[in-house]
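Remarks on the structure that follows.
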Amino acid sequence: MAETFLLDIAQRVVEKIAHLSMEELGLAFNVESDLRKLKETMSSIKAMLLDAERQQHQNEKLRLCMWKLRDIFYDAEDVVDDFKCEALRKQVVNHPNISFKVRFLASCSLPLSFSFKMGHKIKSINQRLNELATEWNNFNLGQGTDNRHVFHRETHSCVNSSDVIGRDEDKENIIDLLMKPSEDPNIPVIPIVGIGGLGKTTLTQLVYNDDRVTRCFPLKIWICVSDEFDLSRLLKLIIHSINKGEKCDNLTVEALQICLRSLLNDKKFLLVLDDVWNENRARWIELRDIFGSMNYLCGSKIIMTTRSLKVAFIMSSIHPYELKGLPFEDCLTLFIKWAFNNEDERQYPNLMRIGKEIVQKCKGVPLAVRTLGSLLFLKTDESYWISIRDSEIWMLEQSENDILPVLKLSYNHLPSHLQRCLALLSLYKKDEIYYSDQVVYLWMANGLLEHPKQKQDWEDVGDQYLNELRSRCLIQMNLDYGDVFTFKMHDLIHDLALEVSQKECKIVNCQTKTIDENVRHLSFCDDKQINVAQVFTKLKNVRTVMVQEVSKESKAIHESLVSLCVSNFKYIRALCLQDSPLTALPNSIGALKHLRELDLTNCCNIKKLPSSFYKLRRLQSLRMRGVPLMQLPVSMETLIELRYLKITIKAKKLKGSRLRSWTSLQCLVLVDCDNLECLSKEMKCLTELTHLILHGCTELSDRYRINGSLDWQQWLKKKGKPFDNLLK
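Numbering follows numbering that gives the first Met the number 0, with no gaps: position 132 of the sequence shown is 131.
Here is the structure:
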């Protein structure tokens with residue numbers, strides 16, 4: 000079901016209002032009280048959103064009301080950002096390091112009606128919230144703690160080994176770890192980690208029921224932990240597993256641990272803690288220390304399954320056993336077992352051909368294979384099999400224990416800010432190699448990051464988010480380059496992101512006829528002709544446009560696309576036009592005053608930037624690798640919020656006057672600057688610059704033996720004539 004992301008949107012807007020400076024508030028007359036009212040109303044609504052999110056699936060009227068609220072909250076965010084834009088415009092006008100010509104042009108654009116417009120917009124938003132308040136109050140929502148992700152799942156130790164395919168090697172590896180002596184003073188914990196549906200529980204069941212394990216561990220205990228890692232509850236479950244007749248329901252923790260001690264005294268045991276989600280280390284240590292105080296026999300072990308590497312590292316000093324997907328042949332065998340009855344597959348060679356393509360979609364996840372195989376069981380209509388093959392998995396009807404609902408548990412367990420960030424990754428194509436810096440700046444452009452804490456940069460917050468998603472197995476590291484890394488997302492996680500973001504993000508291709516007018520993020524992924532005008536008809540609120548594949552031969556489509564972005568999407572935050580055949584950006588692009596991310600990578604037909612480029616003052620990330628500019632344009636002086644710049648220039652020296660105003664720049668990447676012989680002494684003014692990255696700058700590389708990534712502030716401390724010559 001599509002998510003509203005209302006809680007996180009409200010949190011970000013309230014945060015932005017709180018961070019408005021006195022100077023920014025002073026840009027419009029008599030708006031402080033209205034803004035304060037807006038903040039108070041949103042905070043009041045936000046307090047009840049947790050309860051609303053719990054109830055929305057059973058109350059369609061509440062759900063519709065939440066969608067209305069989402070649009071109002073987005074409009075409120077746009078108004079707050081208008082204050083930021085105007086304050087920045089004034090800051091540029093008065094900036095000492097920006098040339099007179101650009102300052103004059105900027106001052107001429109002073110919007111005399113700004114104060115009136117802002118006052119009117121804020122009052123209008125407050126009025127809309129008031130009108131919705133009556134409907135909202137009728138739902139009798141209450142305040143509550145964030146337990147959206149609380150769920151109770153039951154697993155057991157029984158398994159029919161003949162039903163399990165392709166896990167023999169994994170079983171032997173886990174048994175080897177069980178038999179291996181340990182010098183750990185605490186009870187050893189073997190963590191098995193992987194995304195939902197990979198078969199962690201099934202693998203553990205195989206190990207648990209193996210005769211060698213039974214001989215080695217006379218006492219075996221199976222506990223499904225699920226989400227509630229409560230000490231008293233777990234002790235009772237363990238006691239009941241050992242002795243079902245033990246009456247312990249009303250005992251204190253002290254009495255429970257005494258009871259458990261008596262049951263485990265002089266015993267060698269294997270304890271399985273299945274499906275663990277707890278990331279509170281103190282809670283685990285409480286349980287671990289109770290075991291530590293007991294007189295059990297040496298060699299006792301714990302196997303723990305989890306979807307989170309963080310949980311694994313909290314509970315164990317043993318390196319996690321990261322379960323991988325099944326090979327294709329094993330998946331196909333499993334599929335045949337679930338889709339056909341008694342070797343019927345031999346009678347249907349055409350269905351088997353389609354079935355192989357369906358299995359490819361599952362990317363090694365056994366539960367996905369089982370889900371699709373079950374949908375096809377006893378179905379022999381070839382057209383039905385083709386429809387399953389050609390459908391996205393997230394669009395197929397599924398029961399509670401099928402693949403998407405199981406994966407949705409991982410999503411539900413995310414904090415609200417990470418849910419929204421994961422959803423935005425659905426804009427990329429399946430099998431995409433994601434670059435961490437590009438993703439972080441996309442999130443930043445759309446205001447998805449929490450405000451940095453002391454001594455943190457925005458980039459640090461984004462990296463922290465990626466590490467969280469990685470620790471929960473929702474993304475997988477591909478290559479680590481130090482400051483930047485690439486990662487992948489499993490196709491099924493991508494399907495999950497597509498499902499939850501249905502009304503927020505949209506992938507556009509040649510078959511797209513219409514788009515919900517409230518969609519905020521668009522991605523074009525088709526090398527066939529797209530009727531851009533038809534698709535964009537009613538859209539006004541789009542914040543992201545990514546062009547990944549749109550008929551490279553048709554310059555007209557790209558021109559039409561950019562023109563419509565400028566005319567329709569006044570609040571667009573990110574515009575990515577990689578590999579576009581455009582020969583120029585329209586001068587009207589200067590109207591996109593909220594634009595924070597612009598990607599023109601490999602737009603090699605663009606020779607210069609439009610004269611209005613100076614108006615894009617909110618740009619934080621600008622990528623122009625492969626755009627053959629002769630020099631840094633004067634219009635770039637006004638980009639005082641620029642934090643990341645990747646550029647190709649043909650000059651012999653960087654023009655220093657362009658650099659002095661970039662006091663927020665964190666990373667400068669110079670690519671294929673073949674003629675560049677030296678940098679500029681003005682680069683010493685870039686106090687926030689941490690990384691200078693050079694690729695393919697042959698003259699610089701030959702003269703100064705520098706290539707790749709440099710820690711800029713450390714490098715500046717070096718002395719000597721060669722370095723002085725570099726910064727002329």
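Glycine is no exception: its CB is placed at the ideal position from the N, C-alpha and C atoms.
* Asked: From Ala-650 to Tyr-643, what does the alpha carbon distance come to, in whole angstroms?
  -> Here residue 650 is taken as the residue at index 651 of the sequence shown, counted from 1. Here residue 643 is taken as the residue at index 644 of the sequence shown, counted from 1. Taking the straight line joining both Cα atoms gives about 20 Å.
* To do: Would you give the residue range spanned by the alpha helix (DSSP H) that Val-518 belongs to?
  => Counted from its first residue, the sequence shown places residue 518 at position 519. Neither: Val-518 is in no alpha helix (DSSP H) and is coded neither H nor E.
* Does DSSP put Met-629 in a helix, a strand or coil? -> In the sequence shown, the residue the question calls residue 629 occupies position 630. It is coil, neither helix nor strand.
* **Helix, strand or coil at Ala-650 according to DSSP, with G and I counted as helix** => In the sequence shown, the residue the question calls residue 650 occupies position 651. Reduced to three states, the DSSP call for Ala-650 is coil.
* To do: Entirely within the region 436-501 and at least 4 residues each: give me those alpha helix (DSSP H) ranges in chain order.
  => 457-470 and 490-499
* Taking three-plus beta-carbon pairs below 8 Å as touching, is the region 312-329 in contact with the region 182-202? -> yes
* To do: Would you kindly report the start and end of the unbroken alpha helix (DSSP H) that includes Asp-190?
  => The sequence position of residue 190 within the sequence shown is 191, counting from 1. Here residue 190 is Pro; the residue named in the question, Asp, does not match the sequence. Counting along the chain, Pro-190 falls outside any alpha helix (DSSP H), though it belongs to the beta strand (DSSP E) covering 188-192.
* Reduced DSSP secondary structure (H/G/I, E/B, other) of Val-358 -> For the purposes of this step, residue 358 is identified with residue 359 of the sequence shown, where counting begins at 1. The answer is helix: DSSP assigns Val-358 an H, G or I state.
* **Outcome for His-119 when other beta-carbon atoms lying within 10 angstroms are tallied against a minimum of 16** => For the purposes of this step, residue 119 is taken as residue 120 along the sequence shown, with counting starting at 1. Exposed: under 16 other Cβ atoms inside 10 Å.
* **Segments of 4+ residues assigned as alpha helix (DSSP H) that fall wholly inside the region 311-348** => 327-338
* One or two residues paired with Glu-596 in a DSSP bridge -> Start at 1 with the first residue of the sequence shown, and residue 596 comes out as number 597. Its beta-bridge partners are Ala-573 and Ser-620.
* Asked: Taking the Cβ atom as the reference point for each residue, do Ile-97 and Glu-636 lie within a distance shorter than 8 Å?
  -> Position 98 of the sequence shown holds residue 97. Position 637 of the sequence shown holds residue 636. Yes, they are a contact pair.
* To do: Just grab the DSSP bridge partners of Phe-268 for me.
  => To locate residue 268, count along the sequence shown from 1; it is residue 269. In DSSP, Phe-268 forms a bridge with Leu-218.
* Under the three-state DSSP convention, the category Leu-691 falls into -> Locating residue 691 in the sequence shown gives position 692, counting from the first residue. Leu-691: strand per DSSP, three-state reduction.
* Asked: Is it the case that the Cβ atoms of Phe-113 and Leu-26 are separated by a distance below 8 Å?
  -> For the purposes of this step, residue 113 is taken as the residue at position 114 of the sequence shown. For the purposes of this step, residue 26 is taken as the residue at position 27 of the sequence shown. Yes, Cβ-Cβ distance for Phe-113 and Leu-26 is below 8 Å.
* Where does the unbroken alpha helix (DSSP H) through Leu-560 begin, and where does it stop? -> Here the question's residue 560 lines up with position 561 in the sequence shown. Element bounds for Leu-560: 554-567.
* Contact under 8 Å by Cβ, Ala-496 with Leu-424 -> Taking the sequence shown and counting its residues from 1, the one referred to as residue 496 is at position 497. Taking the sequence shown and counting its residues from 1, the one referred to as residue 424 is at position 425. Cβ atoms of Ala-496 and Leu-424: closer than 8 Å.
* CB His-489 to CB Glu-449, shorter than 8 Å? -> Start at 1 with the first residue of the sequence shown, and residue 489 comes out as number 490. Start at 1 with the first residue of the sequence shown, and residue 449 comes out as number 450. No, the Cβ-Cβ distance between His-489 and Glu-449 is not below 8 Å.
* Among Lys-654, Asp-33 and Leu-615, which one has its Cα closest to the Cα of Leu-641? -> Mapped onto the sequence shown, residue 641 falls at position 642. The shortest Cα separation from Leu-641 among Lys-654, Asp-33 and Leu-615 belongs to Leu-615.
* **Rounded Cβ spacing between Arg-69 and Thr-3 (contact assumed at less than 8 Å)** => Here residue 69 refers to the residue found at position 70 of the sequence shown. Here residue 3 refers to the residue found at position 4 of the sequence shown. That pair is a contact at about 5 Å.
* **Span of the alpha helix (DSSP H) around Cys-672** => One-based indexing of the sequence shown puts residue 672 at position 673. Per DSSP, Cys-672 belongs to no alpha helix (DSSP H) and is neither H nor E.
* Since Thr-662 contacts Ile-648 with CB under 8 Å, what's their CB separation in whole angstroms? -> Walking along the sequence shown from the start, residue 662 turns up at place 663. Walking along the sequence shown from the start, residue 648 turns up at place 649. No, Thr-662 and Ile-648 are not in contact; Cβ-Cβ is about 21 Å, not under 8 Å.
* Measuring CB to CB, does Phe-484 end up less than 8 Å from Gln-475? -> Counting from one through the sequence shown, the residue named residue 484 turns up at place 485. Counting from one through the sequence shown, the residue named residue 475 turns up at place 476. Contact: no.
* Can you say whether Lys-505 is buried or exposed, counting buried as having 16 or more other CB atoms within 10 angstroms of its CB? => Against the sequence shown, residue 505 aligns to sequence position 506. Per the 10 Å Cβ criterion, buried.
* Report buried or exposed for Lys-428, applying the criterion of at least 16 other Cβ atoms within 10 angstroms of its Cβ. => As a working note, residue 428 is residue 429 in the sequence shown. Exposed, because fewer than 16 other Cβ atoms sit within 10 Å of the Cβ of Lys-428.
* What span of residues does the alpha helix (DSSP H) with Lys-89 cover, start to end? -> Numbered from 1 along the sequence shown, position 90 holds the residue referred to as residue 89. That run of the alpha helix (DSSP H) goes 59-92.
* Asked: Does the Cβ of Tyr-480 have 16 or more other Cβ atoms within 10 Å, making it buried, or fewer, making it exposed?
  -> Here residue 480 is taken as the residue at index 481 of the sequence shown, counted from 1. Tyr-480 comes out exposed.
* To do: Return the chain-ordered list of same chain residues with a C-beta closer than 7 Å to the C-beta of Val-91, the five sequence neighbours on each side being excluded.
  => For this step, residue 91 is matched to residue 92 along the sequence shown. Only Ile-97, Ala-105, Arg-616, Thr-637 and Ile-639 meet the Cβ criterion.
* To do: Please name the residue in Lys-554, Gly-193 and Tyr-207 whose C-alpha comes closest to that of Val-275.
  => Along the sequence shown, read from residue 1 onward, the residue named residue 275 stands at position 276. Nearest option by C-alpha distance: Gly-193.
* To do: Identify the continuous alpha helix (DSSP H) that holds Val-368 and give its terminal residues.
  => Position 369 of the sequence shown holds residue 368. Looking at the DSSP string, the run of the alpha helix (DSSP H) that includes Val-368 is 365-375.
* Taking Cβ to Cβ, would you say Lys-362 is nearer than 8 Å to Leu-491? -> Counted from its first residue, the sequence shown places residue 362 at position 363. Counted from its first residue, the sequence shown places residue 491 at position 492. In contact: Lys-362 and Leu-491 (Cβ atoms closer than 8 Å).
* Taking buried to mean at least 16 other C-beta atoms within 10 Å of its own C-beta, is Thr-201 buried or exposed? -> Residue mapping note: residue 201 aligns to position 202 of the sequence shown, counting from 1. With 16 or more other Cβ atoms within 10 Å, it is buried.
* Val-30 and Ala-75: beta carbons closer than 8 Å? -> The residue labelled residue 30 in the question sits at position 31 within the sequence shown. The residue labelled residue 75 in the question sits at position 76 within the sequence shown. Going by C-beta atoms, Val-30 is not nearer than 8 Å to Ala-75.
* Asked: For the alpha helix (DSSP H) that contains Leu-420, what are its first and last residues?
  -> Within the sequence shown, numbered from 1, the residue matching residue 420 stands at position 421. The amino acid at residue 420 is misidentified as Leu; the sequence shows Cys. Residues 415-423.
* Lys-300: first and last residue of the uninterrupted beta strand (DSSP E) it sits in -> Here residue 300 corresponds to residue number 301 of the sequence shown, with the count starting at 1. Note, Lys-300: beta strand (DSSP E), 300-305.
* Determine, using beta carbons only, whether Leu-233 comes closer than 8 Å to chain B. => Protein chain content of the structure displayed is limited to a single chain, and chain B is not contained in it.
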